[in-house]
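Okay, structure first, notes after.
Protein chains: 2
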Amino acid sequence: MVGSPVVNRLVIIGVGLIGGSLARALKAVGYCGEIVGAGRSPDHLQLAMELGVVDRTETDLGAAVSEADVVVVAVPLGAMRDLFRRLAGVLPESCVLTDAGSAKGCVIEDVRSAFGGIPDRFVPGHPIAGTEKSGVAASFADLFRTRRVILTPLAETDHDARDTVAAMWEATGAEVTEMGVAHHDEVLAATSHLPHLLAFSLVDTLSRMDDRAEIFRFAAGGFRDFTRIASSDPQMWHDICVANRAPLLQALAAFNRDLTDLARAIETADSEEVLRIFRHAKTARDNLYRD
Amino acid sequence: MVGSPVVNRLVIIGVGLIGGSLARALKAVGYCGEIVGAGRSPDHLQLAMELGVVDRTETDLGAAVSEADVVVVAVPLGAMRDLFRRLAGVLPESCVLTDAGSAKGCVIEDVRSAFGGIPDRFVPGHPIAGTEKSGVAASFADLFRTRRVILTPLAETDHDARDTVAAMWEATGAEVTEMGVAHHDEVLAATSHLPHLLAFSLVDTLSRMDDRAEIFRFAAGGFRDFTRIASSDPQMWHDICVANRAPLLQALAAFNRDLTDLARAIETADSEEVLRIFRHAKTARDNLYRD
Chain V
73 MVGSPVVNRL VIIGVGLIGG SLARALKAVG YCGEIVGAGR SPDHLQLAME LGVVDRTETD
133 LGAAVSEADV VVVAVPLGAM RDLFRRLAGV LPESCVLTDA GSAKGCVIED VRSAFGGIPD
193 RFVPGHPIAG TEKSGVAASF ADLFRTRRVI LTPLAETDHD ARDTVAAMWE ATGAEVTEMG
253 VAHHDEVLAA TSHLPHLLAF SLVDTLSRMD DRAEIFRFAA GGFRDFTRIA SSDPQMWHDI
313 CVANRAPLLQ ALAAFNRDLT DLARAIETAD SEEVLRIFRH AKTARDNLYR D
Chain F
73 MVGSPVVNRL VIIGVGLIGG SLARALKAVG YCGEIVGAGR SPDHLQLAME LGVVDRTETD
133 LGAAVSEADV VVVAVPLGAM RDLFRRLAGV LPESCVLTDA GSAKGCVIED VRSAFGGIPD
193 RFVPGHPIAG TEKSGVAASF ADLFRTRRVI LTPLAETDHD ARDTVAAMWE ATGAEVTEMG
253 VAHHDEVLAA TSHLPHLLAF SLVDTLSRMD DRAEIFRFAA GGFRDFTRIA SSDPQMWHDI
313 CVANRAPLLQ ALAAFNRDLT DLARAIETAD SEEVLRIFRH AKTARDNLYR D
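Protein chains in written order, with the working numbering: chain V, 73 to 363; chain F, 73 to 363.
Set out below in structure tokens:
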């Protein structure tokens with residue numbers, strides 16, 4: 073990035089892993105004249121300042137978004153509704169509004185109810201990136217590099233606003249694509265929300281077994297990787313699972329049907345069927361990644 | 073390790089990831105006078121020779137175990153029964169026999185039926201180590217370092233034989249512990265076999281969904297770790313799941329009961345219950361590992 077900044081004033085509401093990493097990435101390329109970090113916790117914002125993640129912080133929402141060109145909402149899904157309600161009264165008319173929520177249908181409903189309709193400068197977004205860590209201390213500038221960001225623009229969405237948000241994410245090194253809202257929520261339920269649900273549930277089950285001490289003592293490397301996502305933030309994943317529950321429960325039902333069939337094949341020692349499923353899964357996984 | 077070898081002639085039947093890594097680890101400390109690799113595939117054994125994993129190879133089982141002091145059976149669980157039957161006629165009386173099978177009840181039954189009882193020099197064993205890779209090319213000397221090896225000696229098992237096997241594994245850097253057979257199979261079903269089952273099943277389900285291309289395309293880092301074990305050897309895991317199916321299906325039933333409760337809590341947006349489970353799981357996982 074050379075020359076003058078593309079965005080004059082960018083405001084990030086919720087400077088955690090995602091918001092903090094976005095700020096770091098945009099700072100690294102001089103994309104913004106000023107990056108303002110906003111939120112409710114002065115301690116949290118002060119840490120973001122100390123880490124050099126943002127240029128200025130505000131706990132007052134009106135002061136934060138005053139004269140903003142772009143506002144990125146990166147708070148947990150469960151905090152979106154209340155935030156959009158407060159934002160509706162203070163957001164400058166010309167300001168582009170986007171979010172980083174892991175489910176899109178619920179965010180769009182929150183915006184619609186808060187603003188009494190979809191503002192034409194609102195661009196729903198979702199960076200497919202993250203780790204099991206959370207908080208600004210875990211943020212880093214390369215989090216989005218080569219990762220995908222999905223935008224789910226609506227009929228009401230202004231093309232310039234969409235282009236502004238797409239260009240911002242591209243400046244972090246991400247690849248931006250578009251998708252329908254319902255489709256996004258189904259795909260993410262299957263590929264992200266369901267695995268988290270299974271990992272949390274399995275660790276919970278094992279941790280309540282009588283021989284839990286030995287179960288965990290004799291866990292091998294595979295278990296460590298398999299359960300890593302169960303170390304994710306419980307509140308954040310609660311919000312996602314509840315907000316996106318219809319597609320999530322649908323994906324879970326499909327999984328359960330297949331798992332029941334597999335269990336029956338194992339019970340009856342139906343080697344051909346068990347092998348067929350395991351081989352099919354291995355082929356799919358191997359095609360996906362070269363670990 | 074200094075001075076003369078502890079074991080004169082060690083025979084490893086099945087020179088794959090586990091057998092090959094055991095050979096490499098014992099070679100590195102000069103633990104054996106000679107390490108013989110045995111198996112049915114000349115090509116496979118030749119690769120083990122070329123990699124310097126073993127000193128000599130034999131495809132003839134009688135020739136392989138002749139004058140052996142210790143025989144380690146590291147073939148897949150499904151190949152154990154036939155192997156023990158062939159071994160029963162040729163194993164020297166004084167030779168210590170052990171195995172590296174991931175389930176112990178089934179191996180012990182295979183030995184009992186092959187030998188017409190439990191030989192007093194048979195020590196069932198299970199190194200809790202491995203990766204999603206398999207084959208001798210993936211073997212390495214440090215695979216067992218700081219990992220646990222569980223022995224499940226029986227009433228018939230000779231103490232000297234047990235000590236010989238324990239000392240051999242300790243020479244690889246592993247920590248050796250003992251456990252009852254049924255308890256071992258329950259603990260490993262919960263901590264290893266069930267996660268593999270879930271990972272294979274999930275990847276299979278997702279790979280058959282209509283929007284599978286996008287599901288995999290938008291999978292993030294968490295999915296990669298969660299599904300790594302679905303890249304494991306299908307035949308090996310078929311053998312384990314079928315051989316240890318009673319404890320595995322019991323663990324699966326416990327998991328399913330809890331998962332059903334969790335799904336109901338999500339469906340009814342019972343935030344308190346969802347958060348309780350997620351927090352409990354995160355605490356258990358965080359206490360287990362410091363990633």
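Glycine included, each C-beta is placed from N, C-alpha and C at the ideal position.
Computed from a predicted structure; not experimentally measured.
- V/F288 and V/S303 have their alpha carbons spaced roughly 15 angstroms apart.
- Contact note: F/L347 reaches chain V through P306, Q307 and H310, using a C-beta cutoff of 8 angstroms and chain order.
- No Cβ of chain F is located within less than 8 angstroms of the beta carbon of V/T224.
- Chain F places no beta carbon closer than 8 angstroms to that of V/K176, leaving this residue out of the contacts.
- Within chain V, the residues F272, V275, D276, S279, R280 and P306 have their CB atoms less than 9 angstroms from the CB of F/H352, given in chain order.
- A direct Cα-Cα distance of roughly 6 angstroms separates F/V137 from F/L163.
- Out of F/M240, F/A261 and F/P267, the CA that lies nearest to the CA of F/L94 is found in F/M240.
- Shown here, F/V79 sits in a strand according to DSSP, grouped into three states.
- Bounds of the alpha helix (DSSP H) holding F/V259 are V253 to L260.
- Using beta-carbon distances, F/V259 counts as an interface residue toward chain V, with a partner under 8 angstroms.
- The contact set of V/T244 on chain F, defined by CB atoms closer than 8 angstroms, is empty, because the minimum CB distance reaches about 15 angstroms.
- A residue is called buried when at least 16 other Cβ atoms come within 10 angstroms of its Cβ; F/A341 does not meet this threshold and is exposed.
- Taking all protein chains shown into account, V/A97 has 16 or more neighbouring C-beta atoms within 10 Å of its C-beta and is therefore buried.
- About 5 angstroms separates the Cβ atoms of F/D311 and F/P148, confirming a contact at the 8 angstroms cut-off.
- Take the alpha-carbon of F/R317 and the one of V/E345: they are about 15 angstroms apart.
- Considering only F/T299, F/D127, F/G88 and F/P306, the residue with the shortest C-alpha distance to F/N80 is F/D127.
- Between F/E247 and F/D141, the alpha-carbon positions lie close to 22 angstroms from each other.
- Check the Cα spacing between V/E106 and each of V/P319, V/P114, V/M121 and V/H116: the tightest is with V/M121.
- In the DSSP annotation of this structure, the continuous segment of the beta strand (DSSP E) that includes F/V145 starts and ends at V142 to V145.
- Contact between the stretch 145-161 of chain F and the stretch 182-194 of chain F is present: 3 or more CB-CB pairs across the two stretches fall below 8 angstroms.
- By alpha-carbon distance to F/E242, the top candidate from F/V101, F/V143, F/P225 and F/G88 is F/V101.
- Residues of the stretch 283-303 of chain F that bring their beta carbon within less than 9 angstroms of a beta carbon in chain V comprise D283, R284, E286, I287, F288, R289, F290, A291, A292, G293, G294, F295, R296, D297, F298, T299, R300, I301, A302 and S303, in sequence order.
- The residue among F/A201, F/V87 and F/V253 with its C-alpha nearest the C-alpha of F/I301 is F/A201.
- Interface residue (Cβ-Cβ distance to chain V less than 8 angstroms): F/E181 is not classified as such.
- Distance between V/M281 and V/L270, taken at the CA atoms: about 17 angstroms.
- Taking 7 angstroms as the Cβ-Cβ cut-off, the stretch 329-344 of chain F approaches chain V at D330, L331, L334, A335, I338, E339, A341 and S343, given in chain order.
- Distance from the Cα of V/G294 is smallest, within the candidate group F/L169, F/F290, F/L260 and F/S279, for F/L260.
- Taking C-alpha positions only, V/V87 is separated from V/E339 by approximately 50 angstroms.
- A direct Cα-to-Cα measurement between V/I84 and F/D305 gives close to 46 angstroms.
- Counting C-beta atoms within 10 angstroms of its own C-beta, V/D232 has fewer than 16 neighbours from the protein chains shown and is therefore classed as exposed.
- Nearest Cα to F/F194 within the set F/D230, F/E130 and F/A238: F/D230.
- Between F/I180 and F/P191, the CB-CB gap reaches or exceeds 8 angstroms.
- If you draw a straight line from the Cα of V/V143 to the Cα of V/C167, it is about 7 angstroms long.
- Residue pairing by DSSP places V/D235 in no beta bridge whatsoever.
- A straight-line Cα-Cα distance of about 13 angstroms links V/E130 and V/E139.
- In this chain, F/C167 is not harboured by any beta strand (DSSP E), its DSSP state being neither H nor E.
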